[in-house]
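> Reading the sequence shown from the start, the letters are residues 94 to 479 in the working numbering.
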Amino acid sequence: MKRKDFLVFGKPFIGEEEIKEVVATLRSGWWGTGPKTELFEKEFGDYVGSEHAISVNSATAGLHMALKGLGIGPGDEVITTPLTFVSTANVVIHCGATPVFADVNRETWNIDPVEVEKKITKKTKVILPVHLHGRPVEMDKITKLAKKYKLKVVEDAAHAAEAFYKGKKIGTIGDATVFSFYVTKNIACGEGGMITTDSKKLDRVMRVMRLHGLSRDAWKRYSVKHFSLYEAVMPGYKYNLTDIASSIGLHQLRRVEKNLKRRQEIWQMYNKAFANESFLTLPAPIDKDVRHAMHLYAILVDIKKLKVKRNVFVDKLIKENIGSGVHFFPIHLQPYYRKTYGYHRGDFPNAEYVGDRILSLPMGANLTDADVADVINAVKKVLHAL
Ligand SMILES: *Cc1c(COP(=O)(O)O)cnc(C)c1O
Numbered sequence: 094m095k096r097k098d099f100l101v102f103g104k105p106f107i108g109e110e111e112i113k114e115v116v117a118t119l120r121s122g123w124w125g126t127g128p129k130t131e132l133f134e135k136e137f138g139d140y141v142g143s144e145h146a147i148s149v150n151s152a153t154a155g156l157h158m159a160l161k162g163l164g165i166g167p168g169d170e171v172i173t174t175p176l177t178f179v180s181t182a183n184v185v186i187h188c189g190a191t192p193v194f195a196d197v198n199r200e201t202w203n204i205d206p207v208e209v210e211k212k213i214t215k216k217t218k219v220i221l222p223v224h225l226h227g228r229p230v231e232m233d234k235i236t237k238l239a240k241k242y243k244l245k246v247v248e249d250a251a252h253a254a255e256a257f258y259k260g261k262k263i264g265t266i267g268d269a270t271v272f273s274f275y276v277t278k279n280i281a282c283g284e285g286g287m288i289t290t291d292s293k294k295l296d297r298v299m300r301v302m303r304l305h306g307l308s309r310d311a312w313k314r315y316s317v318k319h320f321s322l323y324e325a326v327m328p329g330y331k332y333n334l335t336d337i338a339s340s341i342g343l344h345q346l347r348r349v350e351k352n353l354k355r356r357q358e359i360w361q362m363y364n365k366a367f368a369n370e371s372f373l374t375l376p377a378p379i380d381k382d383v384r385h386a387m388h389l390y391a392i393l394v395d396i397k398k399l400k401v402k403r404n405v406f407v408d409k410l411i412k413e414n415i416g417s418g419v420h421f422f423p424i425h426l427q428p429y430y431r432k433t434y435g436y437h438r439g440d441f442p443n444a445e446y447v448g449d450r451i452l453s454l455p456m457g458a459n460l461t462d463a464d465v466a467d468v469i470n471a472v473k474k475v476l477h478a479l
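#1: Residue range of the alpha helix (DSSP H) that residue 114 falls in?
#2: Among 187, 219, 476 and 419, which one has its Cα closest to the Cα of residue 195?
#3: Please state the DSSP three-state secondary structure of residue 206.
#4: Is residue 433 helix, strand or coil when you go by DSSP?
#5: Would you check if the distance between the CB atom of residue 394 and the CB atom of residue 452 is smaller than 8 Å?
#6: If you count every other CB in all the chains shown that lies within 10 Å of the CB of residue 286, and 16 or more means buried, which is it?
#7: Using a Cβ-Cβ cut-off of 6 Å (strictly less than) and excluding sequence neighbours within five positions of residue 163, which residues of its own chain qualify?
#8: Looking at the structure shown, is residue 170 part of a helix, part of a strand, or coil, going by DSSP?
#9: Could you give the C-beta distance for residue 152 and residue 251, rounded to a whole number, given that I count them as a contact under 8 Å?
#10: Compare the C-alpha of residue 210 against each of 187, 234 and 228 and name the closest.
#11: Between which two residues does the alpha helix (DSSP H) harbouring residue 242 extend?
#12: Should residue 442 and residue 100 be called a contact, given that it needs their Cβ atoms to be closer than 8 Å?
#13: Go through the residues and name those whose CB comes closer than 6 Å to any heavy atom of ligand 1, in chain order.
#14: Please look up how many angstroms separate the CB atoms of residue 171 and residue 185, rounded, as I've assumed it's under 8 Å.
#15: I'd like the span of the beta strand (DSSP E) that includes residue 248, first residue to last.
#16: For residue 393, report the span of its beta strand (DSSP E) as first-last.
#17: Tell me, to the nearest whole angstrom, how far the beta carbon of residue 216 is from that of residue 138; I am working on the premise that it is less than 8 Å.
#18: Helix, strand or coil for residue 321? Go by DSSP, reduced to three states.
#19: Go ahead and pull the three-state DSSP assignment for residue 192.
#20: Figure out for me which residue from 142, 266 and 397 has the closest Cα to the Cα of residue 221.
#21: Distance check for residue 223 and residue 304, CA to CA, integer angstroms please.
#22: What number of angstroms, rounded off, separates the C-alpha of residue 469 from the C-alpha of residue 366?
#23: How many whole angstroms separate the CB atoms of residue 263 and residue 248, which I take to be in contact at a CB cut-off of 8 Å?
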């Protein structure tokens with residue numbers, strides 16, 4: 094039976110706590126970066142276990158600043174995966190540097206350390222792995238390469254706030270790790286992000302860079318007893334997080350572990366329901382020594398045997414009132430990247446294989462068992478009608 098109302102993909106899960114906190118912040122008169130943001134940074138840093146946590150107004154801003162903070166500029170190369178959101182590579186270009194792609198592993202869909210090593214040149218400065226869908230990248234191999242070739246590691250953990258790799262929390266391994274609080278992410282605050290680092294120097298540079306390059310945060314300037322003029326010590330960015338957004342993020346963070354438990358249940362429900370569907374490839378089994386953040390549950394559709402394009406499959410699910418997503422179509426095949434760097438089909442066969450077949454099903458702590466059953470029924474119905 095067709096679901097009655099449309100199941101929106103990636104709808105945020107909000108509680109009364111967030112609403113009350115936002116209202117209190119609005120009434121307080123301090124909407125910009127202030128005490129709520131400072132508290133959010135403290136709690137996030139405690140959750141991750143990093144020395145420093147620097148809030149920003151998006152993960153894109155955070156990735157840009159982390160690279161800038163590490164001194165990345167013209168002539169430098171940054172190695173990343175083509176199977177990610179475009180902003181992961183765009184920020185490298187914002188620094189005046191060149192993004193270099195390394196293909197993914199066909200089973201885990203994460204960047205393959207063997208491919209990374211093949212791409213290292215004298216110009217390489219940073220490896221930028223992405224913990225796709227919340228599955229941790231093989232960080233011991235990435236860290237080993239970084240040591241061997243004296244490279245920095247900046248992690249895109251937009252999907253992976255809850256992830257662990259071999260006993261280490263994601264956010265405590267690389268030189269800097271960047272998290273996203275965009276609407277669809279596990280911790281959402283509209284727009285927002287966080288950078289974690291254990292480097293005091295990087296922390297100091299990024300805090301100044303984040304707000305116009307001013308030597309002191311605005312709210313500290315206004316709250317000191319005596320007036321003091323600000324000093325611009327570099328041409329910084331406008332990347333600070335507002336207290337309105339932090340009011341939401343604070344309560345989202347406090348619920349993060351509970352929400353993961355629910356997503357783990359949904360993950361198992363999908364795995365069980367689709368176990369015998371021969372035209373689907375399910376997410377690879379999860380290694381025992383890692384914790385997958387389970388941000389996205391994606392499947393590969395066998396487009397050859399079914400003789401159907403993935404996008405047609407997405408459309409058919411929409412007709413069943415089920416929203417889904419594509420995470421991701423490979424960056425090297427995007428028009429700008431083809432035109433600028435001369436990429437074409439065949440350059441990264443594994444990323445292309447996955448990118449042509451992948452489909453994310455609704456996943457989130459706000460889904461009821463009935464919602465999940467609707468998704469399962471719709472997928473099976475579409476699959477068997479093809
Ligand atoms: C969402 C996302 C980003 C960007 O996050 P924003 O906070 O929207 O800037 C970066 N990388 C990946 C893998 C993402 O999914």
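C-beta atoms are modelled at their ideal positions from N, C-alpha and C, and glycine is treated no differently.
Inspection of the coordinates gives the following:
#1: Residues 109–121.
#2: Nearest C-alpha to residue 195: 219.
#3: Helix at residue 206.
#4: DSSP places residue 433 in helix when its eight states are reduced to three.
#5: Yes, they are a contact pair.
#6: Within 10 angstroms of the beta-carbon of residue 286 lie 16 or more other beta-carbons, which makes it buried.
#7: Excluding sequence positions up to five before and after residue 163, its CB lies within less than 6 Å of the CB of 245, all in the same chain and listed in chain order.
#8: DSSP places residue 170 within a strand segment (E or B) once states are collapsed to three.
#9: 5 Å between Cβ atoms; contact.
#10: Comparing Cα positions, the closest option is 234.
#11: Per DSSP, the continuous alpha helix (DSSP H) segment holding residue 242 begins and ends at 232–242.
#12: Taking 8 Å as the Cβ cut-off, residue 442 and residue 100 do not qualify as a contacting pair.
#13: Qualifying residues, in the order they occur: 151, 152, 153, 177, 178, 180, 181, 223, 249, 251, 252, 273, 275 and 286.
#14: Taking C-beta atoms under 8 Å as the contact rule, residue 171 and residue 185 qualify, at a distance of about 4 Å.
#15: DSSP places residue 248 inside the beta strand (DSSP E), whose first and last residues are 245–249.
#16: For residue 393, the uninterrupted beta strand (DSSP E) segment begins and ends at 390–394.
#17: About 33 Å separates the beta carbon of residue 216 from that of residue 138, a gap too long to meet the 8 Å contact definition.
#18: Assignment of residue 321 by DSSP, reduced to helix, strand and coil, places it in the coil class.
#19: DSSP, reduced to helix, strand and coil, places residue 192 within a strand of the structure shown.
#20: Nearest C-alpha to residue 221: 266.
#21: Take the alpha-carbon of residue 304 and the one of residue 223: they are about 26 Å apart.
#22: Using only the alpha carbons, I get a separation of about 7 Å.
#23: Right, their Cβ atoms sit about 7 Å apart.
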